[in-house]
Each structure stands twice: as structure tokens, then as C-alpha cells.
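Below you'll find the structure, written out as C-alpha cells, and then a few comments.
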Amino acid sequence: MISESTKRSLNEIFIRAVSSHLRLDESDQVSVQPTPAGQSPNGEQQLLLLTIAGFSFKLLVMFHLDARALQAYFSQPDCGRVFDEVFPELGNLCCGAINRDLARYFPHLGMSTPFRLDGRCFDYLASVRPAHVAHHRIAINGDIHLDATLCLCAYAPIDFQYVHVAPVVESGEIELF
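Each residue of the sequence shown is one higher than the one before, counting from 200 in the numbering used here.
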């Protein structure tokens, strides 16, 4: 039900979104690599889950939260913001970017708010009968790592080819009063 083109397109959209939005500073380097299989989180880990849903599919985006370095990087003590506030907002930005790219192909998409799940819930991923599961390893500045899992549940055949379109930047307009 899911074409190879769709699988490649979802991975490309996810990689672009994470590379652009899962950082605190523009100078930070974010790399995202698909991995053959995701590690099941242990019972002490948590998942941050976001969903994008349309009439023909539901896409689950899960970030595996487990490293102290990850929590230290995403905390902003100078601003009084902690990991539990910052990371879900950045995850939401990533999913918003994914949602915008998918909306070019699928109308009427909705997005959930980020919510946490116990890491043991990952073992029940098969119960949602996914048509496609992809795992990614994200590195920030080469030393901060986290895993992410994409899970696509399809209710109809899905086939699209993602083509990146650069945003149009308008400038030089004159406003007359």
C-alpha cells in the first residue's frame, strides 16, 4: 500500500525538518541518518510522540528521550526554560514542517500536540499495524545523539514523490498610504 517513492519522500521530509528545526542555534550542526532498526527504549526512557493525520493515513513521529547530554543541550537555564518545555516545542516545529510539506500532497491534515509516553509503549508499536516504519539516528554537534521513529499507518494506498520547493522570499515592495 505504500510505494517506495513515498517511503523515500517521508524520510527526506523528516530529515529536512529535523535538520532545520531541532537545534537551538543556527550554528549548531544537525545530521540525521536512517538506521536499519530502532532500539527499543528501556523502561526508564520516554518517548515524545507527535502525530500528523489525514483521511488516508496517520503518521506517528516518536523521539526517544534518554540521554543527559540531550537534556543539558535543550535546557536553557539563562531563560528559565527546562528540557520539558523546550524540546516539545522544537519537536512541534519539526512536525509543523513535515505537515506543511505533506499538505502539498494531502489536504486536510491535522497535527496533535506533543505528549510523552513511557518507553515501554514502543513495544506495542506493531499493534497499530503500521504500513511503514523508519528509524533515524540524530546527531547534534557530533556529540549529542537521539533516536527517532516514523510510523506510517495507511488507510488507503499512498504514492507521492516529494519535490523540495524553496520558500519564496518577498522583498522590495512599496506600500503606499
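Heads up, the beta-carbon is just placed ideally off N, CA and C, and yes, glycines get one too.
Bear in mind the structure is a predicted one, so any value in this text is a computation, not a measurement.
Using CA atoms only, rank isn't needed, just tell me which of the options is closest to residue i.
{"i": "L223", "options": "A330, F256, L292 and F359", "result": "L292"}
{"i": "P233", "options": "K206, L221 and V362", "result": "K206"}
{"i": "S326", "options": "F254, V260 and C352", "result": "C352"}
{"i": "I212", "options": "L301, G290 and Q275", "result": "L301"}
{"i": "F286", "options": "L345, Y361, M310 and H331", "result": "L345"}
{"i": "M310", "options": "R215, P329, G253 and L221", "result": "G253"}
{"i": "M261", "options": "F273, S230 and I251", "result": "I251"}
{"i": "F256", "options": "Y304, Y361, G341 and D322", "result": "Y304"}
{"i": "L246", "options": "T348, G318, A355 and F282", "result": "G318"}
{"i": "S202", "options": "H331, R336, I343 and H363", "result": "H331"}
{"i": "V364", "options": "T348, R299, L349 and S226", "result": "R299"}
{"i": "C294", "options": "R215, L324 and M200", "result": "R215"}
{"i": "Y272", "options": "L289, F321 and Y323", "result": "L289"}
Which residues bound the beta strand (DSSP E) around residue i?
{"i": "H307", "result": "That residue, H307, is in no beta strand (DSSP E); it is neither H nor E in DSSP."}
{"i": "V231", "result": "V229 to T234"}
{"i": "Q244", "result": "Q244 -> no beta strand (DSSP E), and no H or E assigned at all."}
Which residues bound the alpha helix (DSSP H) around residue i?
{"i": "F256", "result": "Unbroken run through F256 is the beta strand (DSSP E), F256 to L264; no alpha helix (DSSP H)."}
{"i": "R319", "result": "First-last for R319: undefined, no H or E at that position."}
{"i": "Y354", "result": "That residue, Y354, is in no alpha helix (DSSP H); it is neither H nor E in DSSP."}
Where does residue i fall in DSSP's three states?
{"i": "L221", "result": "coil"}
{"i": "F359", "result": "coil"}
{"i": "V327", "result": "helix"}
{"i": "D300", "result": "helix"}
{"i": "D346", "result": "strand"}
{"i": "V285", "result": "helix"}
To which residues does DSSP link residue i through a beta bridge?
{"i": "C278", "result": "According to DSSP, C278 bridges with nothing at all."}
{"i": "C294", "result": "For C294, which the question treats as bridged, DSSP gives no partner whatsoever."}
{"i": "T250", "result": "L259"}
{"i": "V332", "result": "C350"}
{"i": "A338", "result": "S230 and H344"}
{"i": "I201", "result": "I357"}
Below 8 Å on the Cβ atoms is my guess for residue i versus residue j; work out the distance and round it to an integer in Å.
{"i": "H220", "j": "A296", "result": "6 Å"}
{"i": "L248", "j": "L316", "result": "5 Å"}
{"i": "V229", "j": "I357", "result": "V229 to I357, Cβ: 27 Å. No contact."}
Hey, would you say the C-beta of residue i is under 7 Å away from at least one heavy atom of the ligand FAD?
{"i": "K257", "result": "Absence of the ligand FAD is noted for the structure shown, with no ligands found whatsoever."}
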